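J.: Before anything else, here's the structure in question.
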Amino acid sequence: TRMVGAVVMAHGDDSGLQLPPRIAPVQVIVVPIFRSDVERTQIASALTGILDALDDIRVKVDWRDERPGFKFNEWELKGVPVRIEIGPRDLASGQVTVVRRLDRAKKPVPLAELQTTIPAMLEHIQEALFKRALEFRKGHTVRLDSLAAMVGFFEESIGFVITPWCGRAEDEQAVKEATTATTRVIDRELPPGSQACAVCGRPATVEVVWGKAY
């Protein structure tokens, strides 16, 4: 459950989840758009070739009797990385409309190019989500060297604090009482005598990451 929560917090937005493609149960959702049984049959025939071309990708086709807009919103909420829209006009043009959950960018893609375009798009989304999360973490992480500075940071900001620490449980308790933050992970070991503990001033043995639980 912690990993699920981390994904939601790291990548979610006001429209719902954003799942990295490598862990998404459904990587591509296909929404057929039709008004008649004839159009449905035509689209279903075309989808046979599309699904064959995307055989290595986790694809789902949404044939439910709901409006396209309803389906678009639902699959955005569920965080599916890529949406393919296909209707009669798309078929007539030999293409589909592809939408990225990452930024809602929409573009037409020829049917013959789906086999290369979709995998490349999924890889781009994976890298972009990682880069965005990494930049956010870096922008919300500071290095401090005193308990007073930690108190000031956690009173005014949200993020992580890295400090030298001697490893004493008493110091961790002091930080928790002053800020409600606790140690999250040991960032690295320190050479003996190189830095002083930010809490008590004793020789620090490690640099540690502090953070709050929300």
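Numbering (our numbering), first residue to last: 3 to 216. Idealized CB from N, CA, C, for every residue including glycine. In this text the structure is predicted, and so the values were computed from the model without any measurement.
Run through the DSSP bridge pairs and tell me what T118 is partnered with.
T.: Paired residue(s): none; T118 is not in a bridge.
J.: What are the boundary residues of the beta strand (DSSP E) that includes W65?
T.: Careful: W65 lies outside any beta strand (DSSP E) and carries neither H nor E.
J.: DSSP three-state label for K109, please.
T.: Strand, per DSSP.
J.: Do P121 and I59 have their CB atoms nearer than 8 Å?
T.: A contact, by the Cβ cut-off of 8 Å.
J.: Under 8 Å, with one C-beta from each stretch per pair, do the stretch 92 to 101 and the stretch 53 to 68 reach the 3-pair mark?
T.: No, the stretch 92 to 101 is not in contact with the stretch 53 to 68.
J.: Residues bridged to F162 by DSSP?
T.: In DSSP, F162 forms a bridge with T143.
J.: How big is the Cα-Cα spacing for V144 and E158?
T.: Straight-line Cα distance between these residues: approximately 13 Å.
J.: Would you mind giving the Cβ-Cβ distance between L124 and Q20, rounded to the nearest angstrom? I have them listed as a contact below 8 Å.
T.: Contact flag wrong, Cβ pair sits at about 13 Å.
J.: Can you have a look at F2 and say buried or exposed, based on whether 16 or more other CB atoms are within 10 angstroms of its CB?
T.: Coverage of the chain is limited to positions 3 through 216, which leaves residue 2 absent and any answer about it impossible.
J.: Look up Q29 in the DSSP assignment and say whether it is helix, strand or coil.
T.: The answer is coil: DSSP assigns Q29 none of H, G, I, E or B.
J.: Under a Cβ-count criterion, where at least 16 other Cβ atoms within 10 Å of its own Cβ denotes burial, should H13 be classed as buried or exposed?
T.: Looking at its Cβ environment, which holds 16 or more other Cβ atoms inside 10 Å, H13 is buried.
J.: To the nearest angstrom, report how far apart K80 and G161 are at their CA atoms.
T.: If you take the alpha carbons of K80 and G161, they lie about 26 Å apart.
J.: Among the residues of its own chain, which have a CB less than 7 Å from the CB of G213, if the five just before and after it don't count?
T.: Correct list, in chain order: F162, A183 and R186.
J.: Any contact between the stretch 65 to 82 and the stretch 26 to 40? By contact I mean 3 or more CB pairs, one from each, below 8 Å.
T.: Because the criterion of three Cβ pairs below 8 Å is met, the stretch 65 to 82 and the stretch 26 to 40 touch.
J.: Could you check the C-alpha separation between T181 and K133 for me, to the nearest Å?
T.: Cα-Cα distance, rounded: 29 Å.
J.: Give me the DSSP bridge partner(s) of P205.
T.: Paired residue(s): A198.
J.: Taking C199 as the reference, give the member of A215, L146 and G154 with the closest Cα.
T.: Among A215, L146 and G154, the Cα nearest to that of C199 belongs to L146.
J.: Measure the Cβ-Cβ separation of V73 and V32 and say whether it is below 8 Å.
T.: The residue asked about is misnamed: residue 73 is Lys in this sequence, not Val. The answer is no: Cβ separation not under 8 Å.
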